[in-house]
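**Q** Have a look at this one before I ask anything.
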Amino acid sequence: MKNRANPVYCSIDTTDLAHATRLIQSVAGGPNPAVGGIKLGLEFFLAHGAPGVRYAFPTPVRATGVGFFLDLKLHDIPNTVAGGIRAVVELAPTFITIHAGGGRAMMKAAVEEAASQAAKQNVARPKLLGVTVLTSLDRSDLESTGVNADPADQVLRLAALAHESGLDGVICSPHEIAALRKQCGPDFVLMVPGIRPVGSAANDQKRAMTPRQAVDLGATNLVVGRPIYQAQDPRAAAEAIAREAGVNEL
Ligand code: C5P
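So the sequence shown is numbered by the numbering used here: it starts at 70 and just counts up by one.
Right, here's the structure in full:
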């Protein structure tokens, strides 16, 4: 198989700063990182903020080209979301998430702010990814919020809105990859959690796919948490998953 850039983002879901720092060093440190990027989300960021990011994921680790996915799932009025983006651009995230349900004006304000702040601060423009329908919601949950649609249709609708509003991609479940790739074209980023390597425990991921299946369907990036950070040797686990995803050289 042709070698490809490492698509695997390791999710670090902890509030323990020392633990996060060790994990990041083990999977992403050194000259040959085992992952394509690190995902830090609400749990870590609300506990430690920007100083915590700089401490746990320091410049020397970033310098080898490891990506940084800041999964904040912002959802507020356009002015406030733009302000949130402005506040984190200095951390040079590769990706930031916002809720597509926040609407066109909110997404456009975020896109404009990300571009203008990145230019001002001389960092790469963060790519903005939309969250469509949380996989924890089923049809009746949607209905109780006044949305009378099948979750799969609502995902496509919100992804189209995100695309039109200038977002770079969306987060999606493995089962949504094929339809979204078809609808949004080859360059739209599909960041996919719910990935389990061959032979591993599913945990609470009910409809997981293997790294190979997700990549073959058209995923751009894979988000993997517990199969890496709960492994006895997180680096070896990350390397095995990257290989399953088609990365030959680590
Ligand atoms: O441990 P696991 O591989 O299941 O972690 C997946 C990561 O992706 C977690 O950070 C989780 O919050 C996130 N995620 C998910 N399923 C979704 C959306 C996000 O597992 N539908």
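Glycine residues also receive a C-beta, built at the ideal position from the N, C-alpha and C atoms. Remember, predicted model here, so these are calculated numbers, not experimental data.
Do serine 95 and ligand 1 come close, with the Cβ less than 6 Å from some heavy atom?
**A** No, Cβ of serine 95 sits at least 6 Å from all heavy atoms of ligand 1.
**Q** Would a C-beta distance cut-off of 7 Å place proline 262 and valine 96 closer than the cut-off?
**A** Not closer than 7 Å, so no.
**Q** Can you give the Cα-Cα distance for leucine 236 and glutamate 308, rounded to whole angstroms?
**A** Going by the C-alpha atoms only, they are around 30 Å apart.
**Q** Whose C-beta lies closer than 7 Å to the C-beta of asparagine 101 among residues of the same chain, with five residues either side of it excluded?
**A** Taken in chain order, the residues that qualify are Leu319.
**Q** What's the C-alpha gap between asparagine 317 and alanine 74?
**A** Roughly 9 Å between the two C-alpha positions.
**Q** Inspect the CB distances between the segment 286-293 and the segment 246-265 and report whether three or more fall short of 8 Å.
**A** They touch, by the three-pair rule.
**Q** Is isoleucine 310 helix, strand or coil by DSSP?
**A** Reduced to three states, the DSSP call for isoleucine 310 is helix.
**Q** Short of 7 Å in beta carbon distance, which residues of its chain neighbour aspartate 219, apart from the five on each side in sequence? Order them along the chain.
**A** Once the five neighbours on either side are set aside, the close Cβ partners of aspartate 219 are Arg208.
**Q** Hey, leucine 291 and alanine 314 are a contact pair by Cβ (cut 8 Å); roughly how many whole angstroms apart?
**A** Indeed, because the Cβ distance is near 6 Å, the residues count as touching under 8 Å.
**Q** Could you please give me the residues that DSSP links to leucine 259 through a beta bridge?
**A** Paired residue(s): Val239.
**Q** For the candidate residues Leu198, Val180, Arg173, Gly153, whose alpha-carbon lies nearest to that of phenylalanine 164?
**A** Taking only the C-alpha atoms, the option nearest phenylalanine 164 is Leu198.
**Q** Start and end of the beta strand (DSSP E) containing isoleucine 165?
**A** Per DSSP, isoleucine 165 belongs to the beta strand (DSSP E) from 164-168.
**Q** Does at least one heavy atom of ligand 1 sit under 6 Å from the Cβ of valine 77?
**A** Every heavy atom of ligand 1 is 6 Å or more from the Cβ of valine 77, so no.
**Q** Got a sec: does ligand 2 put a non-hydrogen atom nearer than 6 Å to the Cβ of alanine 270?
**A** Judged by which ligands are present, ligand 2 is missing from the structure shown, whose ligands are ligand 1.
**Q** Within 10 Å of its beta-carbon, does methionine 70 have 16 or more other beta-carbons around it, so buried, or fewer, so exposed?
**A** Any reading at methionine 70 needs caution, since the residue's pLDDT is 44, under 50, leaving its predicted position unreliable; the model's value is listed next. Methionine 70 is exposed by the Cβ-count criterion.
**Q** Fully enclosed by the segment 139-227, which beta strand (DSSP E) runs are 3 residues long or longer?
**A** Qualifying beta strand (DSSP E) stretches, in chain order: 164-168, 196-200.
**Q** Distance check for glycine 268 and alanine 247, CA to CA, integer angstroms please.
**A** Between alanine 247 and glycine 268, the C-alpha separation is close to 24 Å.
**Q** Name the residue from Thr149, Val150, Val122, Asn148 whose alpha carbon lies nearest to the alpha carbon of phenylalanine 137.
**A** Selected option, being the one with the closest Cα: Val122.
**Q** Would you say valine 157 faces chain D, with C-beta separation under 7 Å as the test?
**A** The structure shown contains no chain D; it holds only a single protein chain.
**Q** For arginine 131, is the classification buried or exposed, using 16 other Cβ atoms within 10 angstroms of its Cβ as the cut-off for buried?
**A** It is buried - the Cβ of arginine 131 has at least 16 other Cβ atoms within 10 Å.
**Q** List the DSSP bridge partners of valine 293.
**A** The partner list for valine 293 (beta bridge, DSSP) reads Cys79.
**Q** Starting from leucine 249, trace the alpha helix (DSSP H) in both directions and tell me its first and last residue.
**A** 246-253 is the extent of the alpha helix (DSSP H) around leucine 249.
**Q** Which residues mark the beginning and the end of the alpha helix (DSSP H) in which isoleucine 93 is found?
**A** Note, isoleucine 93: alpha helix (DSSP H), 86-97.
**Q** Put phenylalanine 137 into one of helix, strand or coil per three-state DSSP.
**A** Here phenylalanine 137 sits in strand by DSSP.
**Q** Please work out which residues of its chain come closer than 6 Å, Cβ to Cβ, to glycine 171, disregarding the five sequence neighbours upstream and downstream, and give them in chain order.
**A** Closer than 6 Å at the Cβ level, and outside the excluded window around glycine 171, lie His144.
**Q** Looking at C-beta atoms only, is the number of pairs between the segment 107-123 and the segment 76-83 that lie closer than 8 Å three or more?
**A** These segments touch.
**Q** Determine the closest residue to lysine 189 out of Val104, Ile297, Glu159, with distance taken between C-alpha atoms.
**A** The candidate whose alpha carbon is nearest that of lysine 189 is Glu159.
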